[in-house]
Structure formats: C-alpha cells, structure tokens
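Protein chains in written order, with my numbering: chain U, 5 to 216; chain P, 5 to 216.
Even for Gly, the Cβ is constructed at its ideal location relative to N, Cα and C.
2 protein chains.
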Amino acid sequence: MSEKTGRSQSRNLREDCVAEGLRIVSEKGVEALSLREVARRLGVSHQAPYKHFASRDHILAEMVRQSYASFAQFLEQRPITNNAPDDLGAMGKAYLEYAFAHPLQYRLMFGTPLPPPENHPAMMEEARHAFGLLQKGIADVHAMRADPQAEARTDFDAFFVWSALHGLAAIMQSSVLNTLDLAPGSVDRMPEETLNRIGWMLGLDDPSECAS
Amino acid sequence: MSEKTGRSQSRNLREDCVAEGLRIVSEKGVEALSLREVARRLGVSHQAPYKHFASRDHILAEMVRQSYASFAQFLEQRPITNNAPDDLGAMGKAYLEYAFAHPLQYRLMFGTPLPPPENHPAMMEEARHAFGLLQKGIADVHAMRADPQAEARTDFDAFFVWSALHGLAAIMQSSVLNTLDLAPGSVDRMPEETLNRIGWMLGLDDPSECAS
DNA sequence: TAATGATGTAGACACTGTCTACTTTCTTGA
DNA sequence: TCAAGAAAGTAGACAGTGTCTACATCATTA
C-alpha cells in the first residue's frame, strides 16, 4: 500500500486538472483553455479529465468556484481594525489589487459568461460568499450610524460599490483604454480617486469636504 | 450590364457577412460566432468570406467597428437642449438604454477581448469617437462653470463616468446577479439611482442637496 | 481577344469537445 | 482468498472550427 494508491492519484488528477486549467487561464485567458491541452500538460490521455468532470463547463465551473474562493480569501485576509469605514475602504483597495494582480482570473469570474448557474450551485455559493463580504462591510458601516434609513439601503449601496469597482477594473484592463487620447496621469490616479469618491458617496468622509 | 454585377454582389457579400455575423452575435453571443456558420446562412461556400476578410479577427473587428458606430449614433440622436448638465444626463440614460437593449452587442464591444488594436485602426477610431462624445459632454459642463480646475479634470471625470456606467451595465447583465439574495427592488432602482449619484458627484445638482 | 485579377468553390490539415468501446487497476464482500 | 465490480485511464471516431492550398469562373481591360 504505497502512498500512490489509485484513488489518491485520481483525486490528484481531478485537482491537477483544475490547477493546470487555472494556470492556462492566467497565462493565455479563458478563450485559450482546452481540456486536451490540460490533459497534454498533465501527460494523460485526452479523455482522462472526463473521468472527473462531466463536461468542459463542469471543469470551468470548478475553476470559477476556486477563483471566487481565493478572491474572497484575499479580501478577508486584509488587516481588520475596529473602524468600519476604514475596513470598507481597505476592502475596496484589496478588490482592485486583486483585479490588477490577476487580470485574466478576474475576467474569468466577472467578464465571461458563466456556465448555467442552476447547474453549478457550488460555484454560485462561492460567488454569494464573496459578495456577502461586501454586504457585511456596508452593513457594518450603516450599523454604526444613527440614520435608520441607511440600513435599508445596504443591498443598494453594496450593489453600487461593486458596480463602481467592477467598472473601473474592467475598463482599466480594456485594450481600448490605451488608444484613447487621455490627459497623462488621469488613468494612473483613477483607482485612488475612485475609492475616494465611493467613500465620499457613502458619506464616510467628513461632510465638510463635500462642498470642496 | 445588369445591376447585379459581380462587383456589387461581392461588395454585398462583404457587408452581408458582417450583418449576418452581428445577427448571430445578437442572438447567441460572440462565443457562438463562426465564419462557417455565417457562410452557411448566406448560402455560400465556407471559404467565400475569406475573400473579403483576412481572418476571423478581421471580420470581428469590422463587427466591433460597426457596433461602436451604431452605439455612438444612438448616443448622438438623443434630443439636445442647451443645458449641458441635462444633455449629459440624457447621454448617461441613453448609454444604459443601449446596453440593456443590445446586451450581447454591448458585450462584444466592452466585454470581450478585442482583436489586437494596432492591427485594426478603423475599429479603434470608431471607439475613440464614441468616447469622444462623453468627453465632449463633460467638457461642455465644465465650460459653463467658473471653476478653472474643472476643465483640467475633463478626462478624469469622463473616465469615471464611463467606468460607473459600464460597471452597472456589466453587472446587471451578469448571471451572478440573479443568484444573489438582494432586497427586492434594489436592482430595479439601480440605473436611475446610479445616474443620480453620478450627476451628484459631478456637482450637477443643487449643492444644497449635498449634505442631505 | 487574350490576359489578368477578383471572386467563389473544394479539399485538406490540425485543432477542439464529446461519444463510445476497450483495458487496466483497485476495492470489497462472500 | 479470490472473484466480481466499480473506478480510472486509453484509444478511436465524429462533427465542428479556422485556415492553408489548389482550382474554377467571370468581368474588366490592355
């Protein structure tokens, strides 16, 4: 009974397929992903991955699930203070950091049509978890406010923040951006300024800055 | 010499390929686009389109170019008043209208990796034109202000507005959205509220609303 | 009128996902 | 212990794709 039992090997193959698939995605993008290439890199027959995944969509869904998980983990592992607005700001910063550090993986999660969500509940569960972090960040901020209306707006604000962050991340990765004739420096300052504006819109800053 | 000369037919085929391609994209998305399917629908051999386009990327670039053109045309044909802030608001509204009315075509322009821009200058020219409309809308607003700093921020503000609008459009088309447990109604009100917030952030509204 | 270039056809190649059939390997229960 | 059976991997086939090449057709024009 060596360590390399058939079962453990096969379980490794399943995980290896996902890992190798994610590597391909990170290098060349989702469009360049093929199960045959995965099998080739792992040195197995082109049908081996199909013993562990029903279809290309299923391996893709697992890759998306793991991406959401590591994305959420990255958001969670930032230093946490007891200041809700600061923590929310740090989460926004972390969001953009992840998007810029792993552009193709980010595109996998948020920029390509996902396999039918109803067929891949595990994938969606992980997505809900990631979004839940943002909801909680917003809720914490609202909770420390006197304003009773704020709480009712939690989902709305979460949606808005997500939308603003995603818009920024998506456009900064677009190839269109490089061909636009923009004032120099206006692109580089965008992430920081956008985070400021989001915070401002949520009323995180000193109201006196409002009119300036 | 009938009207149907070889030349005019071939020119039609070129245009027909793009039109049929756009039809496929609008129905099934870019991923489902294939030149052989286009040829099949047009009743020609699978190689006929290649007499008019060097590669799949070239036909795709032309489709993107036409999409940008019709997108820009849609933005331009909205009623124009002499009130710059109102006109800018109307453009934002038109932006979202187009995105929601033609989701797959919108994805073609802003949601899929474009063919190498340097190889397709006509495509990028049309993209610049579309973005130029937004820049002009912002510049007009800044121009009617006393604030001299505002003008220097034109590109920055244009970038921000584009980013916010795109983020909203992209997320509202995401399949993830339907599986999130959000407060009912928070999604439906997003477009209008986002436009309000953008206007607010640009200072288009009465400053007295700022602290509310 | 003959040549030439543009346009369209046909076949082939390598690649993809997925179906089927076959072999090997490991587990497990009588 | 060993035979049965499940699990895992291999191999071949099929239809689909983009693109290369060779060939046919036809209009213009020198």
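In the structure shown, the three-state DSSP call for P:Leu39 is helix. Among the residues of chain P, those whose CB is under 9 Å from the CB of U:Ala131 are Val180, Thr183, Leu184, following chain order. Not a single CB atom of chain P sits nearer than 7 Å to the CB of U:His56. Residue-level contact by beta carbon fails for U:His106 and chain P, as no gap is shorter than 7 Å. Rounded to whole angstroms, the gap between the alpha carbons of P:Val29 and P:Arg201 is 33 Å.
Between U:His124 and U:Ala76, the beta carbon gap of about 17 Å keeps them out of contact (Cβ cut-off 8 Å).
Between the stretch 131-150 of chain U and the stretch 136-147 of chain P there are fewer than three inter-stretch CB-CB distances shorter than 8 Å, so the stretches are not counted as touching.
Residue nearest to P:Ala43 within the set P:Glu19, P:Pro83, P:Ala174 is P:Glu19 (criterion: CA-CA distance).
At least one C-beta of chain P is nearer than 7 Å to the C-beta of U:Leu118. The stretch 160-186 of chain U is shown to contain no whole alpha helix (DSSP H) run of 4 or more residues.
Around the beta-carbon of P:His146, 16 or more other beta-carbon atoms lie within 10 Å, marking it buried. Around the CB of U:Gly47, fewer than 16 other CB atoms lie within 10 Å, so the residue is classed as exposed.
Taking a beta-carbon distance threshold of 7 Å, P:Ala187 counts as an interface residue toward chain U. In the three-state scheme derived from DSSP, where H, G and I count as helix and E and B as strand, P:Ala23 is classed as helix. Contacts between U:Leu37 and chain P, judged by CB atoms closer than 7 Å, are missing: the closest CB pair is about 12 Å apart.
In this structure, DSSP gives U:Ala126 a helical state, which the three-state scheme calls helix. In this structure, DSSP gives U:Phe78 a helical state, which the three-state scheme calls helix. In this chain, U:Gly207 is not harboured by any alpha helix (DSSP H), its DSSP state being neither H nor E.
Take U:His50, set aside five residues on each side of it, and the residues of its chain with a beta-carbon closer than 8 Å to its own are Leu39, Arg40, Ala43, Arg44, in chain order. If you compare the alpha carbons of P:Leu208, P:Leu79, P:Asn182, P:Met148 with that of P:Leu100, the shortest gap goes to P:Leu79. In the three-state DSSP reduction, U:Val68 falls in the helix class (H, G or I).
Contact annotation: the stretch 144-158 of chain P does not touch the stretch 79-95 of chain U, with fewer than three C-beta pairs closer than 8 Å.
Contact residues of the stretch 189-202 of chain P toward chain U are Ser190, Val191, Arg193, Met194, Glu197, Thr198, Arg201 (C-beta to C-beta distance below 8 Å). Taking 7 Å as the threshold, the shortest C-beta distance from U:His170 to chain P falls below it. P:Gln153 and P:Phe160 have their C-alpha atoms spaced approximately 12 Å apart.
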